[in-house]
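>
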Amino acid sequence: MRTPLASAVRAGRMAPLGLLALGGLAFVLGAGGTRSTEPTLSSSAGAWRGLAGSARPKVDVGQRVIVVLKAPSLAQRVASAGGQASDSQEREWTTAALAAQQQVLGTLAQHGVQVRVDYYYSRVINGFSAALDAEAVALLEREPEVAGVYPVRVAYPATVSSQLLAKNELSRGAAHDPEIMLPGFDGRGVTIALLDTGVDRAQPFLRGRVEDGINVLSDGDFHALAATKPDDATRVERHGTEMAGLLVGGGGPQGLSGVATGASVLPIRVAGWQQDVGGGWAVYSRTDQLIAGLERAVDPNEDGDAHDAARIALVPLAAPYAAFADAPDARAVEGALDLDTLVVAAAGNDGPAGPAFGSLSSPGASPAALSVGAADLRPQTEEVRVVVRVALDVVVDRLLPLAGAVLPRHARELALAAPRERSSQAGPGGFLGPPPLNSFFNRAGLSVVAGRAALVRAGDDPVTAVENAARAGAAAVVLYGTAIPAGGLGLDESVPVPVVAVPADVARTALDALAAGRHPALSLGASRVARNGTGGGTAPFSSRGLSFDWRVRPDLLGPGVGLMTSEPSAAADGTAAYGTVNGSSAAAATVAGAAALLAQARPDLDARALRSMLAGYARPFEEGSVTTQGTGLVDVGSAAAAEFAVDPTSLAFGPAARANWHSVQKLTIRSLSSRRLNLRVALPQTGGAGLALTASPDRFRLPPGGKITIRVKASFQGTPTTGAPAEGAIQIGSPSTSPLRVPWAIPFGRYTGPLLSGLRLSEQSFKPSDTTPAVLSFRAGGLTPGSGGTEVHPVGRLDMVLANSSGSHLGLLVRMRDLLPGSYAFGLTGRDPNGNVLPSGDYTLALAAIPPDGTRATYRKVTFTIK
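Numbering (the working numbering), first residue to last: 29 to 895.
#1: Between which two residues does the alpha helix (DSSP H) carrying ASN154 extend?
#2: Quick check on SER570: buried or exposed, where buried means 16 or more other Cβ atoms within 10 Å of its Cβ?
#3: Please look up how many angstroms separate the CB atoms of SER483 and LEU430, rounded, as I've assumed it's under 8 Å.
#4: Out of PRO356, ALA381, TYR852 and PHE776, which one is the CA nearest neighbour of LEU719?
#5: Tell me which residues share the same chain as VAL476 and place their Cβ nearer than 8 Å to its Cβ, disregarding the 5 neighbours each side in the sequence.
#6: Which whole-angstrom value describes the C-beta separation of VAL174 and VAL293, a residue pair presumed to lie in contact below a C-beta threshold of 8 Å?
#7: Quick check on THR422: buried or exposed, where buried means 16 or more other Cβ atoms within 10 Å of its Cβ?
#8: When burial is assigned at 16 or more other CB atoms within 10 Å of the CB, is VAL188 buried or exposed?
#9: Since I believe PHE250 is in contact with ASN243 (beta carbons under 8 Å), could you give me their beta-carbon distance rounded to a whole number of angstroms?
#10: Can you look up ILE296 in the DSSP assignment and give me helix, strand or coil?
#11: Taking the CB atoms as reference points, tell me whether ARG611 and ALA291 lie closer together than 9 Å.
#12: Return the chain-ordered list of same chain residues with a C-beta closer than 8 Å to the C-beta of LYS895, the five sequence neighbours on each side being excluded.
#13: Just how far apart, CA to CA, sit LEU367 and ALA338?
#14: Could you check whether the Cβ of VAL93 sits closer than 8 Å to any heavy atom belonging to the ligand MN?
#15: Does the beta-carbon of TYR147 have 16 or more other beta-carbons within 10 angstroms, so that it is buried, or is it exposed?
#16: Can you find the residues in the same chain that come closer than 6 Å, C-beta to C-beta, to ARG359, ignoring five residues on each side of it along the sequence?
#17: Looking only at DSSP bridge pairs, what is PRO524 linked to?
#18: If we call anything under 9 Å between Cβ atoms a contact, is TYR606 one with GLY300?
#19: Once the 5 residues before and after GLY751 are set aside, which same chain residues still bring their CB inside 7 Å of it?
#20: Please classify THR893 as buried or exposed, where buried requires at least 16 other C-beta atoms within 10 Å of its C-beta.
#21: For ARG413, report the span of its beta strand (DSSP E) as first-last.
#22: Using the C-alpha atoms, what's the distance from ASN560 back to THR65?
#23: Reducing DSSP to helix, strand and coil, say where GLY882 ends up.
#24: Going straight from the alpha carbon of LEU274 to that of ASP601, what length do you get?
#25: Three or more beta-carbon pairs under 8 Å between the region 549-560 and the region 849-868, yes or no?
#26: Distance check for ALA310 and LEU811, CA to CA, integer angstroms please.
#27: Which one of ALA325, LYS257, ALA599 and VAL326 has the shortest CA to CA distance from ASP304?
#28: Could you give the distance in angstroms between the alpha-carbon of TRP121 and the alpha-carbon of ASP247?
#29: Run the CB neighbour count on LEU198, radius 10 Å, all protein chains shown included, and call it buried at 16 or more, exposed below.
#30: By alpha-carbon positions, which one of LEU841, ASP240, LEU847 and PRO879 ends up nearest to TYR871?
#31: Distance, Cα to Cα, PRO813 vs GLY392?
#32: Determine the closest residue to ARG426 out of GLY363, ALA554, GLY746 and LEU460, with distance taken between C-alpha atoms.
#33: Identify which residue in ARG647, ALA381, GLY863 and VAL414 has its Cα closest to the Cα of VAL527.
#34: Please tell me whether PHE385 and VAL823 are closer than 9 Å, where the distance is taken between their beta carbons.
#35: Excluding the 5 residues preceding and the 5 following PHE728 in the sequence, name in chain order all residues of the same chain whose CB lies nearer than 7 Å to its CB.
#36: Quick one: what's got a C-beta closer than 6 Å to GLN745's C-beta in the same chain, skipping five residues either side?
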């Protein structure tokens with residue numbers, strides 16, 4: 029779903045010793061859409077909120093952090109050894125990484141800090157996660173063995189019966205299979221690690237292709253089974269079962285199947301029912317849990333030797349907007365790649381953003397991931413005539429998109445009714461949950477919507493809102509509060525009724541009539557076919573743009589709208605349950621399946637070659653920029669014929685922000701062929717008058733198994749002005765073959781606003797106190813509104829250094845890394861970096877906010893007096 033951005037961008041979690049974190053709030057907004065002069069049904073990114081991926085309730089990670097050590101991980105050791113190591117060497121290196129962690133923990137213990145570690149990491153990164161207090165964070169940031177302490181972030185996962193599927197009652201484009209295939213190959217012999225919720229292995233569609241798996245979230249239950257909600261046995265984790273169906277499902281109704289029907293899935297439960305900030309239960313993961321899952325993906329039996337690593341790891345989860353290249357989960361993805369596991373990750377579901385930094389999620393924004401966005405391939409959708417009347421007054425009479433999958437069987441006249449709780453209640457973090465099921469019943473236990481059209485606010489979870497109305501017996505559901513796109517609700521056994529969405533003013537008139545004892549009515553006409561205005565291109569909700577290291581993301585697109593797949597448990601009629609999914613998570617699953625086909629067809633390929641071939645040989649859409657689609661729609665057939673690979677899969681030149689700017693990037697081309705290759709480099713580009721790209725060399729020969737590194741230089745003559753980024757895709761190939769493409773984009777200008785603003789100290793003079801500190805508040809990062817959406821400007825590192833009246837530095841009081849824009853509040857306790865009470869006198873707290881690329885820091889100072 030699209031992020032309600034108060035929950036997407038997290039605030040400060042803690043501060044050591046002299047600073048006491050009081051929390052904060054952050055906001056980001058975005059929107060976008062398409063227009064056409066033809067009669068089409070188009071949708072904006074915001075219209076898909078709650079429909080692409082899962083709902084995103086507010087989650088508090090507490091004081092959890094991830095500590096990354098400088099001592100090498102197993103992956104770094106293997107990479108240094110050229111990718112070759114024996115079983116015993118790998119076990120020895122894993123043991124050494126764990127020993128380095130114990131040394132750091134021992135140092136903390138010597139300072140009286142006892143740490144309860146949540147997860148140890150030694151394969152993909154070297155480090156650990158834990159809930160650490162202020163003193164521990166301060167000590168760790170000063171330890172020479174520590175590379176950094178990073179925040180833990182929240183990552184979110186981005187039914188209809190067999191009998192209903194056989195009926196001709198579904199709207200066009202409501203459900204289809206991915207239609208990705210490589211003739212003669214089904215992924216047999218390839219293992220795909222699925223880092224997601226648990227999976228219902230009993231679903232017949234999965235045909236025993238799913239292993240017992242690994243449960244990272246529970247010490248007692250070792251299998252990755254789909255769990256029921258602790259306080260509601262009717263709710264089961266769905267996402268993992270849905271993704272597994274897209275990967276390996278087969279034998280479904282009407283020939284439905286997944287992409288790699290012969291592959292095996294190793295489910296690793298890193299997401300599931302966990303408590304949210306309000307004490308309720310929600311399905312989500314945390315980045316520390318995700319990294320623990322990657323640890324198991326590369327070493328399933330935990331013996332310290334990664335030769336049993338899964339060939340592919342699918343991560344259909346997204347930590348919104350966290351596109352930091354140095355984040356622990358981004359480092360973990362690189363570690364998995366070094367251990368020959370290709371990580372296929374969702375780019376996110378947050379739509380357009382700025383001309384430079386986009387709306388990308390982690391770990392999909394990682395430079396080492398195969399980052400996948402969602403394409404909407406539906407050529408047609410359905411619309412119906414909707415008439416709402418109050419007595420003789422016509423409130424609305426227009427054609428509206430059919431939001432669900434079920435067509436009206438015939439024209440219908442229905443009375444409108446609303447649940448007793450007419451509007452969703454704002455929960456923690458502003459999350460608008462659906463009206464509960466009991467609100468659709470009166471005090472006598474009778475449904476107030478049975479046989480009627482239920483008028484329901486969509487909120488942030490429109491799927492559950494519609495499900496509850498249908499369970500209460502509604503004959504149709506009318507949503508309001510957001511514009512639901514055509515087919516956005518997809519297929520669900522619990523919603524066998526037509527669904528439409530009306531404007532808010534129409535709903536308000538109908539609700540006022542109900543409150544006055546009048547009787548509004550709904551007329552639903554027969555449906556008609558309409559061209560899908562967003563079909564044949566990037567889905568409106570799909571995240572896109574540049575990551576915080578200036579790299580184009582996603583790499584490519586996969587089908588991501590209306591994909592039919594398995595659901596956990598059985599349908600109401602006892603048959604296997606099926607449904608549809610939307611989102612970049614679904615798109616990533618289809619591309620992971622394609623990777624399994626390619627791995628079977630070309631078993632000699634390593635993970636980097638798989639990544640390069642899938643990204644480099646995708647089919648570009650004619651409409652849509654490089655920053656929107658990467659290289660285009662996945663094309664496993666073209667990838668299978670590739671004779672060379674490149675690294676990296678996209679180039680990060682950075683912004684052209686000064687006169688006569690230039691930047692040089694390196695690109696390594698490696699032969700995978702048994703014959704000599706004669707290759708040339710072409711450098712087409714769009715936009716950016718005054719910008720030129722050159723490659724050296726631009727023609728070369730590669731012997732079998734050979735490789736070459738070329739230099740690609742981007743230079744700008746004159747002084748750049750702001751505007752749309754220049755972009756293109758470097759093309760490498762021969763005159764007789766299709767070229768491999770490497771995308772790039774160069775924005776013009778740089779964010780010049782402050783990364784620190786609004787500093788305010790509640791008291792200029794105060795006594796030291798751990799319980800009633802003076803409050804320092806400020807805003808970190810920046811936001812730039814634009815036509816495509818709001819651009820996020822993060823802080824890579826925030827330092828606070830304390831000095832006395834003579835200017836002598838007393839030390840680093842706090843260091844925070846990878847901050848998304850937000851408002852922060854801290855308490856000054858009157859202690860120095862070592863925890864000692866400051867003597868009376870004047871002091872200065874110097875703040876430095878440094879962007880992720882290390883350029884143009886913002887500096888601010890706050891003075892105060894200790895009484």
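The C-beta atom is built at its ideal place from N, Cα and C for all residues, glycine as well.
Put simply:
#1: ASN154 -> no alpha helix (DSSP H), and no H or E assigned at all.
#2: Its Cβ being crowded by 16 or more others within 10 Å, SER570 is buried.
#3: Here the sequence assigns Leu to residue 483, which means Ser is not the residue at that position. LEU483 to LEU430, Cβ: 17 Å. No contact.
#4: Among PRO356, ALA381, TYR852 and PHE776, the Cα nearest to that of LEU719 belongs to PHE776.
#5: Close CB contacts of VAL476 within its chain, under the 8 Å cut and outside five residues either way in sequence, are with ALA445, ALA446, PRO447, ARG448, PHE468, PHE469, ASN470 and ALA500 (chain order).
#6: Not quite, the Cβ-Cβ distance comes to about 36 Å (not below 8 Å), so this is no contact.
#7: Note on identity: in this sequence residue 422 is Val, with Thr being the wrong assignment. Exposed is the call here.
#8: Only weak support exists for where VAL188 lies, its pLDDT of 32 falling under 50; the coordinates are left without a value.
#9: ASN243 to PHE250, Cβ: 6 Å. Contact.
#10: Correct three-state label for ILE296: strand.
#11: Before going further, note that residue 611 is Gly rather than Arg in the sequence given. No, they are not a contact pair.
#12: Excluding residues within five positions, the ones whose Cβ falls inside 8 Å are SER793, PHE794, LYS795 and SER868.
#13: Near 10 Å, if we compare the C-alpha coordinates of ALA338 and LEU367.
#14: Of ligands this structure carries none, so the ligand MN is not represented either.
#15: TYR147 is buried by the Cβ-count criterion.
#16: Here the set comprises ILE153.
#17: DSSP lists no beta-bridge partner residue for PRO524.
#18: Taking 9 Å as the Cβ cut-off, TYR606 and GLY300 do not qualify as a contacting pair.
#19: Within the same chain, GLY751 has close Cβ partners PHE776.
#20: Residue environment analysis places THR893 among the exposed positions, since fewer than 16 neighbouring C-beta atoms fall within 10 angstroms of its C-beta.
#21: Counted as a single uninterrupted DSSP element, the beta strand (DSSP E) harbouring ARG413 occupies residues 408-418.
#22: Unreliable placement is indicated for THR65, whose pLDDT of 30 sits below 50; the coordinate value is still reported in the next sentence. Inter-residue distance for THR65 and ASN560 is about 13 Å (C-alpha atoms, whole angstroms).
#23: Reduced to three states, the DSSP call for GLY882 is coil.
#24: Whole-angstrom Cα-Cα distance: 23 Å.
#25: Fewer than three Cβ pairs drawn from the region 549-560 and the region 849-868 lie within less than 8 Å of each other, which leaves the two stretches out of contact.
#26: Computed Cα separation, rounded: 29 Å.
#27: Selected option, being the one with the closest Cα: LYS257.
#28: Within the model, the alpha-carbon separation for TRP121 versus ASP247 is close to 26 Å.
#29: Residue confidence for LEU198 is low, a pLDDT of 46 falling below 50, so the modelled location carries little weight; the figure read from the coordinates is stated next. Per the 10 Å Cβ criterion, buried.
#30: It is LEU841 whose Cα lies nearest to the Cα of TYR871.
#31: C-alpha separation (whole angstroms): 24 Å.
#32: When the alpha-carbon of ARG426 is set against those of GLY363, ALA554, GLY746 and LEU460, the nearest one is in ALA554.
#33: Selected option, being the one with the closest Cα: VAL414.
#34: Cβ atoms of PHE385 and VAL823: not closer than 9 Å.
#35: Within the same chain, PHE728 has close Cβ partners LEU707 and ILE736.
#36: Cβ contact annotation for GLN745 (same chain, cutoff 6 Å, sequence separation greater than five): GLY718, in chain order.
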